Structure formats: structure tokens, C-alpha cells
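Enquirer: Input: one structure, supplied below.
Protein chains: 2
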Amino acid sequence: MSLRHALLAMLTAEPMTGYELVKYFDGSVAYVWSAPHSQIYPELRRMERDGLVDVEIVPRGEHAKKRIYSINEAGLEEFQRWIRELTPYQPERDVYRLKAAHFEQSTYEAARRQMQEHLNHYTRALQIWKQVLDDVDNRRVSLLRERLAQRPQEEHEAIVAFRKLTFRGQIAKARMEIQWAKEGLALLDELESKGVPLRGEP
Amino acid sequence: MSLRHALLAMLTAEPMTGYELVKYFDGSVAYVWSAPHSQIYPELRRMERDGLVDVEIVPRGEHAKKRIYSINEAGLEEFQRWIRELTPYQPERDVYRLKAAHFEQSTYEAARRQMQEHLNHYTRALQIWKQVLDDVDNRRVSLLRERLAQRPQEEHEAIVAFRKLTFRGQIAKARMEIQWAKEGLALLDELESKGVPLRGEP
DNA sequence: GATACCATGTAAAGCGTTACATGATTGG
DNA sequence: CCAATCATGTAACGCTTTACATGGTATC
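Chains as they are written, first to last, in our numbering: chain A, 278 to 479; chain B, 278 to 479.
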């Protein structure tokens, strides 16, 4: 049950609508946690039902309304309970490594395409995360500024430091995956130039 | 739909029972792909129904039987189709980074415990993967030997090289996560020694 | 005969993806 | 008035986890 905790985490910064949460999960946050709006709106309703968030219904224009969710005392307690609790390490599922292990069943072209996409994906991710790290460092992130504004000065250092720790982790991951993709592409070049046959080739 | 392809991948090495597949997914393979038996047995039945695997029912002792699954022509085609197809990159969900980003809501003790578990988990994973890489290099893996035995000599280099590529990726990932966990533990030590308060502290 | 291992299932509940669906507001 | 954006939902389907469940075989 972590979508709930990801939503509570966002709401500890400031109250917002489901739509704003959807936007965050579509943006740079998507590389840490993401969910479609079809999952977010019902979960917010359940969190409201379970008394973890309060809702303010605010008019929007003449006829429309929007629902602004804010975390309440019970929600903050639940979030803190979750964050203090040890999250166990479960078996992973890495479809890209699974695929790479069986590239002899593919073709050089298809294998290269997959590895190139891997490289592109993590190159984009790296750029985004480096930018985010810099933005956090210079307090250019509005959500972070909101968060800092409502917490005492002496907590600021920890708040910023922990966010930076996460982003440095993502940066390290992106660099590692880029390196791995390059290694894969180099291996494919080497094997093809040696004329090593693949089973998937026509 | 990747459990199906993970199972097909295993069955390209040799025919086996659901129980043997369960064992593999519980062992060192678990760090690349894993599934509980409650997912594996029904999926094998569906694959049988869909004509991707053949089944041989073999007696076991006096009264018991076992079902040995082998991949057939259609199954191999489906596996090759999947491996040639580009797997898109979807938004990730990393609960450990999400948690780390909000450690100011935790306590030093709980945050340290989580990071220590992270370190332990990936240290174990690193040991396992280094061993597997070495075993593959020296053809000490029975599944790999079965696989090589049924393929022509000229494909052997690629088969071994792609498996090693995957394991090197897992090793790089484990090292990266170990490094990150150490960074996190160091940060926690530094903040605590400076007396920076956390919101979750009693 | 007890224990560990072999072997295979079902079922409920939860989580995630994809598609379908609707309507208001804002700015050009 | 048209397009982009704001805003919020439902539904079907598939995958994953956890729990419940059963019985044979091999070895000491």
C-alpha cells in the first residue's frame, strides 16, 4: 500500500487537488513514484473515507468545483508510522536484464534497438535528475519552498539533505544504467563483427 | 505479460516441472525475476491451453505423478517475438528512495535501520551475483550447460556473453545501491552529531 | 513414524494499466 | 468559437500477494 503513502508524502508539503497530484506524478516525480489519474482519484476518496485527509470544496469559475485535499493529524500519523516501519526487500522483476540475458534469441538489430532505448531513457532521466538536484540545492522547487515555509528553521537542513540523497541515488542509478547500456551495445558490435550468429536472425 | 516470457525463457534451456521452475524463481534467479508458485502453476496451465508448451505426465513413485513442461515451436516463436519487440520504458516506483526523501518525518534509529537493511540486502545480492558470474564463466551452472549442449558451438560465445552482461548489470546495480546506502548512513550520522532535529523523534 | 522435501493446486484481495467518459474554464 | 488545460470520475482486465489447502515420497 504505497500509492497511499506517496500521496500522503505530497500532501505533507501543501494541500492540493487530485489534478495537481496527477500533474506531479506525471512530471519529474514520475521517476520515483507514479500513478495514473484513474488510480489517484479513487485512492483520495478512500483516504477521505478512512479519515486521513480533509477535503475543502472550492468553486472554480461559475459552475465548476474542485476538491482540495489536505493531510490531517491521523494522516500524518499514518505517514510517520509507515516511514518509521521497515520496508522489507522483496524479489525484483527486471524485464530489461531478463531480456538481455536471452539476446541470442533476438537479432542484432532488435537487441541494439532495445539497448539504445535503455541508453536514451536513462540519459533523459539523468538530465532531469541533475536539474532537480540543482533546483533543490538552490531552493528553486516550489513544493520544497512550501514545505520549508511551514517547518522551523532547524529542520530545513535535514529536509533538503534527504531530498538530495534521494536524487543522488537516482542520478547514480541513471549513470549505472547508461554504462550498462553502452557495455551492451559494445558487446553487440563485437559479436557481430566477429560473425557470431544469433538464433533469431533470419 | 512477462511472467509468461520468464517461464518460456527458463524452458528454452530444458523441459521441467512447475516445481523446478518455482525453485529457480526462489533461488538466484529471484533477483532478476521471481514469482510465487500460486502464480506459476496457473500460468503454466494457461500456456498449455494456449499451445505454447507441451506436457508430459510422468509417474513419481507408486501413486504420484508430475507434469514436465517443454517449450514447443509456437512457444519458441512467441518468446522470440517478445524478445525482438521493444519493451517500452514505463515510470518506476522506488519505495526506498521515496522513503529516504522523507526521512525528516522518521527517527534517526528507524532511518538508520532502513538504510542498514538496504546495505545488507544489496551486499547479499552482490555476493550471489559475483558467484553466479564466476559460475557462468566456468560453465558450472547446470541450466547453462543444458542450454549449450543443445545449441551449436558457434552460438556458445553469444549465449555466455549475454548472460554475463545481465549479471554484470546486476553487480553494478548492487554496488551502486551499497554506495548509496553508505552515503545515507553517513548523512544520518552527520546530521545527528550536529543535533539536527527530526520531526518523527519523540 | 516423524521430518523434510516433492508436487500442485484454489481463492480473495489488492494493486496497476488501459480504455471509456464527461464537462467547465481560460486565452487567443 | 476553438483549443488547451483544468478537473474528475468509472470499468474491465490483468498481474501480484497472501493465505488456505492437500497429499505423496524419501530418509532417518
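Heads up, the beta-carbon is just placed ideally off N, CA and C, and yes, glycines get one too. From a predicted model like this one, the values you see are computed outputs, not experimental measurements.
So which residues on chain B does residue 324 of chain A lean against when the C-beta distance must stay under 9 Å?
Expert: By Cβ distance, chain B contributes nothing, its closest Cβ being about 17 Å from residue 324 of chain A, past 9 Å.
Enquirer: Are there 16 or more other CB atoms within 10 angstroms of the CB of residue 440 of chain A, so buried, or fewer, so exposed?
Expert: buried
Enquirer: When you compare only the Cα positions, how much space is there between residue 424 of chain A and residue 413 of chain A?
Expert: 12 Å
Enquirer: Mapping DSSP to helix, strand and coil, what is residue 278 of chain A?
Expert: coil
Enquirer: In this structure, does DSSP put residue 383 of chain B in helix, strand or coil?
Expert: coil
Enquirer: Taking just the CA atoms, how far does residue 329 of chain A sit from residue 475 of chain B?
Expert: Cα-Cα distance, rounded: 22 Å.
Enquirer: Which same chain residues, not among the five before or five after residue 461 of chain B, have their C-beta less than 7 Å away from its C-beta?
Expert: 377 and 392
Enquirer: Looking at the strands, I want to know which residues DSSP matches up with residue 336 of chain B.
Expert: B:342
Enquirer: Whose Cβ in chain B lies nearer than 9 Å to the Cβ of residue 474 of chain A?
Expert: 429, 431, 432 and 435
Enquirer: Cβ atoms of residue 399 of chain A and residue 450 of chain A: under 9 Å apart, would you say?
Expert: yes
Enquirer: Check residue 330 of chain A in the structure and name its three-state DSSP category.
Expert: strand
Enquirer: Can you check DSSP and say which residues form a bridge with residue 293 of chain B?
Expert: B:346
Enquirer: Just to make sure I have the definition right: I need the residues of chain A whose C-beta is within less than 9 Å of the C-beta of residue 294 of chain B. Which are they?
Expert: The premise fails here: residue 294 of chain B is roughly 21 Å from chain A at the closest Cβ pair, so nothing lies under 9 Å.
Enquirer: Taking DSSP as the reference, what is the three-state secondary structure of residue 318 of chain B?
Expert: helix
Enquirer: Quick one: does residue 360 of chain A have its CB under 9 Å from some CB of chain B?
Expert: A Cβ of chain B is located within less than 9 Å of the beta carbon of residue 360 of chain A.
Enquirer: Quick one: which residues of the segment 368-389 of chain A get their C-beta closer than 9 Å to a C-beta of chain B? List them in chain order.
Expert: 368, 369, 370, 371, 372, 373, 374, 375, 376, 377, 378, 379, 380, 381, 382, 383, 384, 386, 387 and 388
Enquirer: Residues of chain A with a CB under 9 Å from the CB of residue 283 of chain B: which are they?
Expert: 370, 372 and 375
Enquirer: Once DSSP output is grouped into helix, strand and coil, what is the label at residue 471 of chain B?
Expert: coil
Enquirer: Rounded to the nearest angstrom, what separates residue 347 of chain A and residue 390 of chain A at their Cα positions?
Expert: 45 Å
Enquirer: Are the CB atoms of residue 295 of chain A and residue 344 of chain A within a distance shorter than 9 Å?
Expert: yes
Enquirer: Quick check: what's the CA-CA separation for residue 478 of chain A versus residue 464 of chain A?
Expert: 17 Å
Enquirer: Span of the alpha helix (DSSP H) holding residue 372 of chain B?
Expert: 372-377
Enquirer: What did DSSP end up calling residue 397 of chain B once you bin it into helix, strand or coil?
Expert: Of the three classes helix, strand and coil, the one that applies to residue 397 of chain B here is helix, per DSSP.
Enquirer: What residues from chain A crowd round residue 438 of chain B, counting only those whose CB sits closer than 7 Å?
Expert: 464 and 468
Enquirer: Would you report the Cα separation of residue 301 of chain B and residue 434 of chain A, rounded to the nearest angstrom?
Expert: C-alpha separation (whole angstroms): 46 Å.
Enquirer: Can you round the beta-carbon distance between residue 314 of chain B and residue 299 of chain B to whole angstroms, since I take them to be within the 8 Å contact cut?
Expert: 5 Å
Enquirer: Does the CB of residue 398 of chain B have a neighbour CB from chain A at under 9 Å?
Expert: It does: the Cβ of residue 398 of chain B has a partner Cβ on chain A nearer than 9 Å.
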